[in-house]
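Trainee: Protein chains in written order, with the working numbering: chain F, 1 to 185; chain X, 1001 to 1185.
By construction, the Cβ of each residue, glycine as well, lies at the ideal position given by its N, Cα and C atoms.
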DNA sequence: ACGTCATGCGGACCACGGTCCGCTTAACCC
DNA sequence: GGGTTAAGCGGACCGTGGTCCGCATGACGT
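This is the structure in structure tokens:
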């Protein structure tokens, strides 16, 4: 990547972060980001592909930290604890991660919801699948993983907490219950 | 509703159905529907609210039949069979319903995925919740229902069957397994 | 039949995401 | 440094969903 391109990339990310912080995610339009970074609109698209790509880039750091926590972090989330224990911890960790970035994630969703092959979800499904296999609970681990990860969804989180008024605690308890039922032999 | 309005409504639905049949769901633009029905664009929006609304209206008949089948139809899907049995039957019925309208539903998704309060999903969640309560399996029936219904999702169905090459049979088997695990006391 | 008026209509208009292509310029080699 | 070239850039352009508002017209009471 050329030096000016790299510079523009960071300028765009900074401008985008500023826009979100100051005016909310709904004001994060591609044109606004471009002009806030004093750059052409085309440049934004070349760098990030589309709006969802830009948002993913914005969340990249946080996403890495989150992934690190369950892939290589301390137990019970990370390796070291028994798989079911890790699975139990995975739900709350994910729900909190989603909740922290709810507004931004929801503003990306319209595009993203078709893209179930999007990296973050793929990582989660893979992780849960391997924990299920490790726990040796039988059944179709891949499909069970999809079902479990389906519960850990921003839109669902939003719907249940905001629209239906459920607490995050209740969702976490629901996750524990779900994991217990799915994994018990 | 005024007579001309009703007439326009049916003309629009016919035009929309024709468009989908002849040129595919991606050609179902609001403007195309309007001009195919020789009507102003504004009329389409007034009648159906937005693109998702139009698509829901197109699928309304089929959706009613589907709903009827599990609300008042013959067992094991409808009332008469034991709740867990009904739950088992509900998965395949829903998956096949979604599969039948996959293209159209997916073309609506971008909008619809935020709208988890959309009628069809709400009906499903309510139904599954009541079956779970009836089966008396304990736990948070509402949340378990959300998790189960999350498995019955067009985008997921599409992803698993098209992109990941799983068969519908496998998804149905997965549903049975999932129901068994969630409901066993 | 006629007057009134809410209902409905049309299409100009806007915002936004995304594409395209001719021009610019950093990078690299000699 | 100068020449060459691919990478990068900008912003005009397009299609689409959605809004708006002045005009038309069907419904209804008298």
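Please look up how many angstroms separate the CB atoms of residue 101 of chain F and residue 54 of chain F, rounded, as I've assumed it's under 8 Å.
Mentor: Numbered from its first residue, the first chain carries residue 101 of chain F at position 101. Numbered from its first residue, the first chain carries residue 54 of chain F at position 54. About 14 Å; that fails the 8 Å criterion.
Trainee: Among F/88, F/94, F/98, which has the Cα closest to the Cα of residue 178 of chain F?
Mentor: In the first chain, the residue the question calls residue 178 of chain F occupies position 178. Nearest C-alpha to residue 178 of chain F: F/88.
Trainee: If you draw a straight line from the alpha carbon of residue 1151 of chain X to that of residue 154 of chain F, how long is it in whole angstroms?
Mentor: By 1-based counting over the second chain, the position of residue 1151 of chain X is 151. By 1-based counting over the first chain, the position of residue 154 of chain F is 154. One C-alpha to the other measures close to 15 Å.
Trainee: Taking DSSP as the reference, what is the three-state secondary structure of residue 155 of chain F?
Mentor: Here residue 155 of chain F refers to the residue found at position 155 of the first chain. Three-state result, residue 155 of chain F: helix.
Trainee: Under the rule that 16 or more other beta-carbon atoms within 10 Å means buried, what is residue 1025 of chain X, buried or exposed?
Mentor: As a first step, residue 1025 of chain X must be located in the second chain, where it is residue number 25. Burial call: buried.
Trainee: So with CB distances below 9 Å, who are the chain X contacts of residue 91 of chain F?
Mentor: As a position in the first chain, residue 91 of chain F is number 91, starting the count at 1. Those within 9 Å of residue 91 of chain F in chain X number zero; the least Cβ separation is about 11 Å.
Trainee: Step through the CB atoms of chain F and report whether any lies within less than 7 Å of the CB of residue 1150 of chain X.
Mentor: The residue you call residue 1150 of chain X lines up with position 150 of the second chain. Taking Cβ atoms only, chain F reaches closer than 7 Å to residue 1150 of chain X, which makes this a yes.
Trainee: Indicate whether residue 186 of chain F and residue 157 of chain F have their beta-carbon atoms separated by less than 7 Å.
Mentor: Any answer about residue 186 of chain F is impossible in this case: the structure gives chain F only from 1 up to 185.
Trainee: Specify the secondary structure class of residue 37 of chain F as computed by DSSP and reduced to three states.
Mentor: Taking the first chain and counting its residues from 1, the one referred to as residue 37 of chain F is at position 37. Correct three-state label for residue 37 of chain F: coil.
Trainee: If contacts are defined as beta-carbon pairs under 8 Å, then residue 181 of chain F and residue 1182 of chain X qualify, I think. What distance do you get, rounded to the angstrom?
Mentor: As a first step, residue 181 of chain F is located in the first chain; it is residue number 181 there, counting from the start. As a first step, residue 1182 of chain X is located in the second chain; it is residue number 182 there, counting from the start. Correct: roughly 5 Å between the Cβ atoms.
Trainee: Give a yes or no on whether 7 Å exceeds the smallest Cβ distance from residue 105 of chain F to chain X.
Mentor: Counting from one through the first chain, the residue named residue 105 of chain F turns up at place 105. Not one chain X Cβ lies under 7 Å of residue 105 of chain F.
Trainee: Going straight from the alpha carbon of residue 1013 of chain X to that of residue 1057 of chain X, what length do you get?
Mentor: The residue you call residue 1013 of chain X lines up with position 13 of the second chain. The residue you call residue 1057 of chain X lines up with position 57 of the second chain. The straight-line gap from Cα to Cα measures roughly 8 Å.
Trainee: So if I threshold CB-CB distances at 9 Å, which residues from the segment 1159–1178 of chain X count as touching chain F?
Mentor: So the close ones are 1159, 1160, 1163, 1164, 1166, 1170, 1171, 1173, 1174, 1175, 1177, 1178.
Trainee: So residue 1120 of chain X is in the alpha helix (DSSP H); what residue range does that whole segment cover?
Mentor: Within the second chain, numbered from 1, the residue matching residue 1120 of chain X stands at position 120. Counting along the chain, the alpha helix (DSSP H) containing residue 1120 of chain X begins and ends at 1119–1135.
Trainee: Strictly below 8 Å CB to CB, what residues from chain X border residue 125 of chain F?
Mentor: Numbered from its first residue, the first chain carries residue 125 of chain F at position 125. Here the premise fails: no neighbours, minimum Cβ distance about 10 Å.
Trainee: How far does the alpha helix (DSSP H) with residue 99 of chain F in it reach, from first residue to last?
Mentor: On the first chain, residue 99 of chain F is found 99 positions in, with the first residue counted as 1. It spans 83–100 - the alpha helix (DSSP H) in which residue 99 of chain F sits, taken as one unbroken run.
Trainee: Using three-state DSSP, classify residue 1079 of chain X as helix, strand or coil.
Mentor: The residue you call residue 1079 of chain X lines up with position 79 of the second chain. Strand.
Trainee: Under 7 Å between C-beta atoms, does residue 39 of chain F make it to chain X?
Mentor: On the first chain, position 39 is the one that residue 39 of chain F refers to. Chain X contact via Cβ: absent.
Trainee: Rounded to whole angstroms, how far is the Cβ of residue 1175 of chain X from the Cβ of residue 1091 of chain X, which I believe are closer than 8 Å?
Mentor: The residue you call residue 1175 of chain X lines up with position 175 of the second chain. The residue you call residue 1091 of chain X lines up with position 91 of the second chain. 3 Å between Cβ atoms; contact.
Trainee: Is any beta-carbon of chain X found at less than 7 Å from that of residue 154 of chain F?
Mentor: Residue numbering aside, residue 154 of chain F sits at position 154 when the first chain is read from its first letter. With 7 Å as the cut-off, residue 154 of chain F does not count as an interface residue toward chain X.
Trainee: Can you list, in chain order, the stretches of the alpha helix (DSSP H) that have 4 or more residues and sit fully within the segment 3–27 of chain F?
Mentor: Counting only runs of 4 or more, we get 3–23.
Trainee: Can you list the alpha helix (DSSP H) stretches of 4 or more residues lying completely in the segment 1044–1077 of chain X, in chain order?
Mentor: DSSP runs (the alpha helix (DSSP H)) wholly in the segment 1044–1077 of chain X: 1051–1071.
Trainee: In whole angstroms, what separates the C-alpha of residue 1171 of chain X from that of residue 1105 of chain X?
Mentor: Counting from 1 along the second chain, the entry for residue 1171 of chain X is found at position 171. Counting from 1 along the second chain, the entry for residue 1105 of chain X is found at position 105. Approximately 19 Å, taken between the alpha carbons.
Trainee: For residue 1147 of chain X, decide whether its Cβ has a neighbour in chain F, counting only Cβ atoms nearer than 7 Å.
Mentor: Taking the second chain and counting its residues from 1, one reaches residue 1147 of chain X at position 147. Cβ-Cβ to chain F under 7 Å: yes for residue 1147 of chain X.
Trainee: CB-CB under 6 Å to residue 69 of chain F, same chain, minus the five flanking residues each way: which ones, in chain order?
Mentor: As a working mapping, residue 69 of chain F is identified with position 69 in the first chain. Excluding positions up to five away in sequence, the list reads 77.
Trainee: Scan the segment 1002–1036 of chain X for residues whose Cβ lies nearer than 7 Å to a Cβ of chain F and list them as they occur along the chain.
Mentor: Cβ contacts with chain F: none found.
Trainee: According to DSSP, is residue 104 of chain F part of a helix, a strand, or is it coil?
Mentor: Within the first chain, numbered from 1, the residue matching residue 104 of chain F stands at position 104. Looking at residue 104 of chain F - three-state DSSP - the assignment turns out to be helix.
Trainee: Residues of chain F with a CB under 8 Å from the CB of residue 1086 of chain X: which are they?
Mentor: Sequence index remark: in the second chain, residue 1086 of chain X carries index 86 (1-based). The premise fails here: residue 1086 of chain X is roughly 18 Å from chain F at the closest Cβ pair, so nothing lies under 8 Å.
Trainee: Using DSSP with H/G/I as helix, E/B as strand and the rest coil, what is residue 1150 of chain X?
Mentor: Within the second chain, residue 1150 of chain X is the residue found at index 150, counting from 1. Three-state DSSP puts residue 1150 of chain X in a helix.
Trainee: Residue 144 of chain F to residue 16 of chain F, Cα distance in whole Å?
Mentor: Within the first chain, numbered from 1, the residue matching residue 144 of chain F stands at position 144. Within the first chain, numbered from 1, the residue matching residue 16 of chain F stands at position 16. About 37 Å.
Trainee: Using a Cβ-Cβ cutoff of 8 Å, what residues of the segment 1043–1075 of chain X are near chain F? List them in chain order.
Mentor: Listed by position, the residues of the segment 1043–1075 of chain X near chain F (Cβ gap below 8 Å) amount to none.
Trainee: Taking Cβ positions only, does residue 143 of chain F come closer than 7 Å to chain X?
Mentor: In the first chain, residue 143 of chain F corresponds to position 143, counting from 1. Yes, residue 143 of chain F counts as interfacial toward chain X.
Trainee: Report the residue from X/1062, X/1011, X/1003, X/1184 whose alpha carbon sits nearest the alpha carbon of residue 1120 of chain X.
Mentor: The sequence position of residue 1120 of chain X within the second chain is 120, counting from 1. That would be X/1062, whose Cα lies nearest to the Cα of residue 1120 of chain X.
Trainee: Given that residue 181 of chain F touches chain X, what residues does it touch there, using C-beta distances under 9 Å?
Mentor: As a first step, residue 181 of chain F is located in the first chain; it is residue number 181 there, counting from the start. 1137, 1139, 1144, 1181, 1182, 1183, 1184, listed in chain order.
Trainee: How many Å lie between residue 122 of chain F and residue 142 of chain F at the Cα?
Mentor: Counting from 1 along the first chain, the entry for residue 122 of chain F is found at position 122. Counting from 1 along the first chain, the entry for residue 142 of chain F is found at position 142. Looking at the two C-alpha atoms, the distance is approximately 11 Å.
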